[in-house]
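K.L.:
With this note's numbering as the guide, the letters of the sequence shown map in order to residues 28 to 99.
Backbone N, C-alpha and C fix where the C-beta goes; we use that ideal spot for every residue, glycine too.
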Amino acid sequence: MTTIKCPQCGGPSLWDESNKARPFCCDRCKLIDLGAWASESYQIPVQPSDEAYEDYSSSYDASGLPANATKH
Ligand SMILES: [Zn+2]
Numbered sequence: 028m029t030t031i032k033c034p035q036c037g038g039p040s041l042w043d044e045s046n047k048a049r050p051f052c053c054d055r056c057k058l059i060d061l062g063a064w065a066s067e068s069y070q071i072p073v074q075p076s077d078e079a080y081e082d083y084s085s086s087y088d089a090s091g092l093p094a095n096a097t098k099h
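(1) In chain order, what residues of the same chain lie with their CB nearer than 7 Å to the CB of I31, ignoring the 5 residues before and after it?
(2) Compare the C-alpha of G37 against each of C53, K47, S45 and name the closest.
(3) Quick check on K47: buried or exposed, where buried means 16 or more other Cβ atoms within 10 Å of its Cβ?
(4) Residues near ligand 1, CB to any non-hydrogen atom under 7 Å, in chain order?
(5) Using DSSP's beta-bridge definition, name the partner residues of I31.
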C-alpha cells in the first residue's frame, strides 16, 4: 500500500483506487484545493482594452461581416 503526502493538508494520503480523492487524502482536501484554484482564476481582472475593440470594429462592419467582404 502506497501513502503519499496530501498536497492540501500535508497529511498522509492513501494512493489507492479506493481513495477517490487522490492525490488528496479526502474529498474535503480535494474540494478545498479546487475551490482555491477557482477563486484565484476569478480574481484575475478582465479589462477590455480599447485597442482590441478598435481592431475588432475596423475589421468588421455593423453586419458582422469582414470589412473587405464584397457587398452586393
Ligand atoms: Zn488532506
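P.N.:
Put simply:
(1) S40, W42, P50
(2) C53
(3) exposed
(4) C33, Q35, C36, G38, S40, F51, C52, C53, C56
(5) Per DSSP, the beta bridge partners of I31 are S40.
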